[in-house]
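Protein chains in written order, with our numbering: chain A, 29 to 348; chain B, -3 to 304.
Even for Gly, the Cβ is constructed at its ideal location relative to N, Cα and C.
Here's the structure, in structure tokens; my notes come after.
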């Protein structure tokens, strides 16, 4: 197991370097002067200083050296400055990241619980209510753009009946988490429904697969009660592929809620990215892509570990 | 030679017959054909040009005169929604074709050659696949700029993985077949074996991936244009029509401005997915068995990683 993990990490390191290099050099293709990303905007207005700063900051150095410096800065938490607002990017992230995490994490957890429950019932009783429901959800849910779900919910619950606020994470006067709770309902519901469709189809297939396996027949013929067959034989064994899908959804934690955040004016990473792309704010785009790439590498590492625990052949077979 | 041609024809005939006996394919094809016809004859059906401005009749709700109402400038929504389909479907189909081309070439090469090349392309595809699609698209858009052609290029560059995985998987099993051994014994060149002899056998997953990608790209276009970063607003697409809903007042009071475009997207995508499901059943009876089918779903739906 240890050697397997070491081998996986050995693959991760060069990949992390390749991605960061891609991001760095791609951003250098843009017409924006990189010095603006490295100093606060008030310093940038002084053009005499600029040349000296350029020298001091190493912008006249060889490009490979610059890349290494950039890496070092990122590693030490110095992400540079946003071109648009002049704020430090680390500050922006610290401000915006929690909003997105709250949103996506709750939706991820909710959709997983719902999908697993529905998927299990659907698979267990083909043609039953749960099965029909999950089939309709699986087919229709994929066809509907997720922001449309958000707009429809907004129209009904925020405007027609005004039960819930129409957006924003915190309104003036809301102090405790409980005060803010209503703000979360619509965005989280939208994201949950959006994430549900694929997961439900997937769980249902996985459960149906497992039901066809020999050990389920054996358990049934042994006279094991049906609920136990379902729980300890079917459910647990169909969890594997679902776990893999979930691990691959981790990157959504950073960038999976752009549309929903836009619909509900949610001050998270998603709206930050939109603003950055609209204004060609490359430093912000670079840092966010780096962040997502790192989460992805971590997720794929996690998937390999989960897989190797579920199926020792992966570990022994050398991976590829 | 003559005989062979006849065989082919009859295979095609069997394929069409099976397809027409497959309920989901028939429903899907009907939906798609009706919507494409509506898009082509948008002006004739609605009786108004999509760009015809009539400010006095702005923001009218649906009525017999304007079945889907009018927008803030008094333009007829029916005409706009129907003709918006032209660009959206065009983008979906062309981008899906290009993405399939990339995926097929990479999948065929990696699947046949295996080894280091395969490992590298596989890792890249895994990476692109796990990257939240919209963010990847946004990064490319910020580098390339907006416009229909750029949107198509970006979709092709970010959406080839499904096809790649399916084709690669097929090549993995096919490269050990007897006819490939024979090819190698004859001393055929690698490109000839890969593209002339094995590739035709992998047509069915490619066709299915083509339909699935159309659906994915049409939804992606909607999202991108909704954010105002896709096709320039001057061209009506389903996504561009939805941009109106960025305004809370529109969400509240002028529901017809966003419900109808969104419904068109949903119905068209539903149709495409039905066709995809039908094609999968018809083209490859093997995949009717549950286990195999779920493997396909991994690649098609899950957009998820390594199936080593």
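Counterpart residues of residue 116 of chain A in DSSP-defined beta bridges
A:109
Contact defined as beta carbons within less than 8 Å: I believe residue 186 of chain A pairs with residue 192 of chain A. What is the distance between those atoms, to the nearest angstrom?
5 Å
Alpha carbon to alpha carbon, how far is residue 175 of chain B from residue 261 of chain B? Give it in angstroms, no decimals.
44 Å
Residue ranges of each beta strand (DSSP E) run of no fewer than 3 residues wholly in the region 264 to 300 of chain A, ordered along the chain?
none
Could you tell me if residue 52 of chain B is buried or exposed, where buried requires 16 or more neighbouring beta carbons within 10 angstroms of its beta carbon?
exposed
Within the region 198 to 240 of chain B, ranges of the beta strand (DSSP E) (whole runs, at least 3 residues)
none
Figure out for me which residue from A:322, A:267, A:305 has the closest Cα to the Cα of residue 37 of chain A.
A:322
In the DSSP assignment, find the alpha helix (DSSP H) that holds residue 85 of chain A and state where it starts and stops.
Segment: none, residue 85 of chain A is in no alpha helix (DSSP H) and carries neither H nor E.
List the residues of chain A that residue 121 of chain B touches, going by C-beta distances under 9 Å, in chain order.
Chain A residues near residue 121 of chain B: none, gap ~12 Å exceeds 9 Å.
Is the CB of residue 252 of chain B under 8 Å away from at least one CB in chain A?
no
Below-8 Å beta-carbon distance, residue 43 of chain A vs any chain B residue
yes
Taking 8 Å as the CB-CB cut-off, is residue 223 of chain B touching chain A?
yes
Quick one, are the C-beta atoms of residue 301 of chain A and residue 131 of chain B less than 8 Å apart?
yes
With a Cβ-Cβ cutoff of 8 Å, do residue 166 of chain B and residue 198 of chain B count as a contact?
yes
Among A:52, A:34, A:39, A:41, which one has its Cα closest to the Cα of residue 313 of chain A?
A:52
Does the beta-carbon distance from residue 41 of chain B to residue 78 of chain B come in below 8 Å?
yes
Report the residues of the region 173 to 188 of chain A with a CB closer than 7 Å to any CB of chain B, ordered along the chain.
173, 175, 176, 179, 182, 183, 187
Reference residue 203 of chain B, options B:115, B:192, B:89, B:183, closest by Cα:
B:89
Closer than 9 Å by beta-carbon distance: list the chain B residues that pair up with residue 287 of chain A, in chain order.
130, 219, 222, 223
What first and last residue would you give for the alpha helix (DSSP H) that runs through residue 234 of chain A?
205 to 239
Assuming the contact rule is C-beta atoms closer than 8 Å, residue 131 of chain A and residue 216 of chain A should be a hit. Round their C-beta distance to whole Å, please.
6 Å
Hey, out of A:176, A:238, A:98, whose CA is closest to residue 214 of chain A's CA?
A:176
Residue 174 of chain A classed as buried or exposed, judged by whether at least 16 other C-beta atoms fall within 10 angstroms
buried
Against chain A, with Cβ distances strictly below 8 Å, would residue 240 of chain B count as a contact?
no
For residue 188 of chain A, tell me which candidate among B:246, B:216, B:15, B:55 has the shortest Cα-Cα distance.
B:246
Where does residue 72 of chain B sit, in a helix, a strand or coil, going by DSSP?
strand
Strand pairing of residue 66 of chain B, partner residues [DSSP]
B:72
Label residue 281 of chain A either buried or exposed according to how many other C-beta atoms from any shown protein chain fall within 10 Å of its C-beta, with 16 as the threshold for buried.
buried
So is the beta-carbon of residue 218 of chain B under 7 Å away from any non-hydrogen atom of the ligand FMN?
This structure simply doesn't include the ligand FMN, nor any ligand for that matter.
How many whole angstroms separate the CB atoms of residue 256 of chain B and residue 64 of chain B, which I take to be in contact at a CB cut-off of 8 Å?
5 Å
Straight-line gap, residue 268 of chain B to residue 210 of chain B (C-alpha atoms, nearest Å):
7 Å
Going by other Cβ atoms of all chains shown within 10 Å of its Cβ, with 16 needed for buried, is residue 127 of chain A buried or exposed?
buried
With a cut-off of 8 Å, do at least 3 Cβ pairs link the region 222 to 229 of chain A to the region 164 to 174 of chain A?
yes
In angstroms, rounded to a whole number, what distance separates the CA positions of residue 170 of chain B and residue 147 of chain A?
34 Å
Alpha carbon of residue 127 of chain B to alpha carbon of residue 297 of chain A, nearest angstrom
15 Å
Should residue 256 of chain A go down as buried or exposed, given a rule of 16 or more other Cβ atoms within 10 Å for buried?
exposed
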